[in-house]
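In our numbering, the protein residues as written are 10 to 289.
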């Protein structure tokens, strides 16, 4: 385990909304890691390699958000199994001679959906088809999902389609903006939006006699997202909660802390910090 001052941070664009510094800072305090700091840095698409190359030896790792997750994967001299499977990395951890590229989003989605009540689901709907959708797909497979409906603007990305086949999932693809999303657990027991917070989610229907599915949005800021608003409006403003992305954020950060520090992630302290922002 590491001792002495160390640096870590989160990178992406935009980055000002990120709660990662709060979560990692709370973890360092709870673990007694004096001198450890965690900062946020705006890094645009295409800029991750040059940013990483100028990091000094005191840097232990980076949390990586959009649009840099595929770039992070390419930087790994070592690649974790979840990152390799998803084709995206949200975590870089310094190793001798290079960087481990890993994916803690998968763990975050599994834990968040479990806490939201997704127990042994068999069917799911995923809005979006990018890097976060692929991480979500791996998580859904781990939970036992066998059938996935993708809602995307055009064709499903080849990498996402290939991953679904690799996982042995039965899939179908429907247009995001024209075919209504019917929130009925008899059709999809789990619905996960991986869309950006301001993206148009398309029409949403919530039949009054439908079986309630577990609904989660990976977004946590700004809140409510357009998807969460559409779900609430479809349900008449009540009766169909949307799990906010803070659960996923918490649990993926816990795993990042473990990878970067070598200590167990202090879940209670990190959750308390998140609760203190009013973000739960």
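Even glycine gets a Cβ: it sits at the ideal position worked out from N, Cα and C.
Residue i, buried or exposed, once every other Cβ within 10 Å from all chains shown has been counted against 16
i, result
"residue 175", "exposed"
"residue 26", "exposed"
"residue 112", "buried"
"residue 128", "exposed"
"residue 247", "exposed"
"residue 217", "exposed"
"residue 270", "buried"
Paired residues, beta bridge with residue i - DSSP
i, result
"residue 70", "17, 102"
"residue 132", "156"
"residue 48", "18"
"residue 252", "225"
"residue 213", "190"
Residue span of the beta strand (DSSP E) that contains residue i, given as start and end
i, result
"residue 107", "107-111"
"residue 162", "It is not in any beta strand (DSSP E) - residue 162 carries neither H nor E in the DSSP assignment."
"residue 184", "179-184"
"residue 220", "Premise fails: residue 220 is in no beta strand (DSSP E) and is neither H nor E."
"residue 202", "199-202"
Among the options, nearest to residue i - alpha-carbon criterion
i, options, result
"residue 89", "284, 114, 74, 69", "114"
"residue 275", "132, 29, 39, 23", "39"
"residue 145", "235, 19, 224, 58", "224"
"residue 161", "151, 19, 180", "180"
"residue 204", "198, 233, 64", "233"
"residue 62", "84, 51, 74, 48", "84"
Same chain, Cβ closer than 7 Å to residue i, five either side skipped, listed in chain order
i, result
"residue 103", "68, 69, 70"
"residue 97", "78, 79, 82, 112, 140, 143, 144"
Limits of the unbroken alpha helix (DSSP H) element including residue i
i, result
"residue 59", "57-62"
"residue 123", "114-125"
"residue 30", "29-40"
Chain-order list of residues whose beta-carbon lies under 6 Å from that of residue i (same chain, five-residue window excluded)
i, result
"residue 177", "none"
"residue 252", "125, 225"
"residue 147", "94, 95, 115"
"residue 155", "131"
Same chain only: Cβ atoms within 8 Å of residue i, ignoring 5 sequence neighbours per side
i, result
"residue 214", "189, 190, 191, 192, 243"
"residue 249", "192, 215, 221, 224, 240, 241, 243"
Residue i CB to nearest heavy atom of the ligand NAD below 8 Å
i, result
"residue 40", "In the structure on display, the ligand NAD does not appear, and there are no ligands present to speak of."
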